[in-house]
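I have placed the structure first, in the form of structure tokens, so that the comments after it can refer back to it.
Residue numbers (full-length UniProt numbering): 1 to 146.
Structural data, given as structure tokens:
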């Protein structure tokens with residue numbers, strides 16, 4: 001009975017951590033491999049107010065950098081609005097620094113959805129920039145805040 005329960009738990013967790021269809025929005029100094037938002041089962045991702053979501057991005061750097069910084073915007077009717085995340089330092093978010101050319105990295109972050117946010121459909125734009133403010137990755141994903 002225990003092995004069956006563990007298998008069911010593993011299958012449930014993998015279903016919630018599906019790769020999402022994202023738009024590469026100008027990755028200039030890296031190669032974006034995958035983006036996962038957990039949980040996001042259908043797109044646009046339905047984000048519930050008061051919840052926190054996991055973001056997992058796999059990318060390969062095509063340049064060296066001592067550090068990295070995440071910059072996140074919500075794009076509403078074409079207008080980017082800055083969005084604060086708990087930890088903007090990529091080196092504290094799973095990326096082993098210094099970043100080396102031609103190495104693959106896994107960036108992991110939290111996306112908190114505040115209760116004060118309006119119920120709205122928008123596009124999340126998430127960038128990780130190197131020391132020279134160049135894009136290690138940039139992706140966009142449509143979401144619905146509920």
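Beta carbons are placed, not taken as given, at the ideal position from N, Cα and C, and that holds for glycine. As the structure is a computational prediction, the values presented were derived from the model and not from experiment.
When we look at the beta-carbon of residue i and count the other beta-carbons within 10 Å, is it buried (16 or more) or exposed?
i: residue 148; result: A query on residue 148 cannot be resolved here, the shown segment of the chain reaching from 1 to 146 and no further.
i: residue 81; result: exposed
i: residue 84; result: exposed
i: residue 30; result: buried
i: residue 148; result: The chain is shown only over 1 to 146; residue 148 falls outside these bounds and no answer can be derived.
i: residue 125; result: buried
i: residue 79; result: exposed
i: residue 94; result: exposed
i: residue 5; result: Interpretation of residue 5 is limited by its pLDDT of 34, a score under 50 that renders its predicted location unreliable; the figure taken from the coordinates is listed afterwards. Residue 5 is exposed by the Cβ-count criterion.
i: residue 116; result: exposed
i: residue 34; result: exposed
i: residue 1; result: Reliability of the predicted coordinates at residue 1 is poor, the pLDDT of 42 falling under 50, and the value obtained from them is presented with this limitation in mind. Classification of residue 1: exposed, given that the 10 Å Cβ count is below 16.
How is the beta strand (DSSP E) around residue i delimited, first residue to last?
i: residue 138; result: 135–145
i: residue 158; result: A question about residue 158 goes unanswered here, because the residues of the chain that appear run from 1 up to 146.
i: residue 127; result: 120–129
i: residue 27; result: No beta strand (DSSP E) holds residue 27; DSSP gives it neither H nor E.
Compare the Cα-Cα distances from residue i to each of the options and report the closest residue.
i: residue 24; options: 139, 36 and 84; result: 139
i: residue 96; options: 50, 134 and 69; result: 69
i: residue 100; options: 43, 45, 55 and 130; result: 130
i: residue 120; options: 37, 45 and 32; result: 45
i: residue 110; options: 33, 86 and 41; result: 86
i: residue 104; options: 49, 53 and 61; result: 61
i: residue 32; options: 72, 38 and 59; result: 59
i: residue 65; options: 137, 98, 118 and 133; result: 98
Below 6 Å CB to CB, which residues in the same chain sit around residue i once its five sequence neighbours on both sides are set aside?
i: residue 47; result: 113, 143 and 145
i: residue 76; result: 122
i: residue 63; result: 29 and 101
i: residue 108; result: 56, 93 and 94
i: residue 72; result: 83, 85 and 126
i: residue 40; result: 20
Please return the same chain residues whose Cβ sits closer than 8 Å to the Cβ of residue i, not counting the five positions on each side in sequence.
i: residue 135; result: 26, 27, 28, 29, 30, 127, 128 and 129
i: residue 155; result: The shown model of the chain, from 1 to 146, leaves out residue 155, and the question about it has no answer.
i: residue 89; result: 67, 68, 69 and 70
i: residue 118; result: 145
Apart from the five residues just before and just after residue i, which ones in its own chain have a Cβ nearer than 7 Å to its Cβ?
i: residue 51; result: 113
Which whole runs of the alpha helix (DSSP H) in the stretch 54–107 are 4 residues long or more, in chain order? none
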